[in-house]
Amino acid sequence: MSTPVSSPVDIKSEVLKSDSIISEQATRLEEECQQLLSDIKRIGEPGEPFVLFGDLFDDDNVQNYYEALVGTLKSAKKRGLIDFKGQMLLKGAHDNVKITILNA
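Residue numbers (UniProt numbering): 1 to 104.
So this is what it looks like as structure tokens:
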């Protein structure tokens, strides 16, 4: 009995596919971060560059747009776009935490 021979993998093609997926994910994340800034301005008080986490989380448009709001918040914070106290925000426990746009 012989073992089946697997077809050779085109490594260059696989790398190009991986690069494309990474590029698409980076583009999507950048779009989400920019949308987040718009949502903070829309939901917050006019002229004030902040929103409370609970108000942001409870907004219908926000709930429908973001697949993972907390992940987007962490990414935007890491990129220096926003700031908030703590590492992570949880609904209920952190509803009154201010999320502030930096360099607004």
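Beta carbons are placed, not taken as given, at the ideal position from N, Cα and C, and that holds for glycine.
Residues of its chain near V70, where Cβ-Cβ distance is below 7 Å and the 5 sequence neighbours each way are ignored: M88 and L89
8 Å CB neighbourhood of F50 in its chain, flanking five on each side removed: Here the set comprises I40, G44, K98, I99, T100 and I101.
Assigned secondary structure, K85 (DSSP; H/G/I helix, E/B strand, else coil): coil
Beta-carbon separation (whole angstroms), Y83 vs K74, contact threshold 8 Å: According to the sequence displayed, residue 83 carries Asp and not Tyr. In this structure D83 is not in contact with K74, their Cβ atoms being roughly 12 Å apart against a cut-off of 8 Å.
Beta strand (DSSP E) runs wholly inside the stretch 16-104, at least 3 long, in chain order: 50-52 and 98-101
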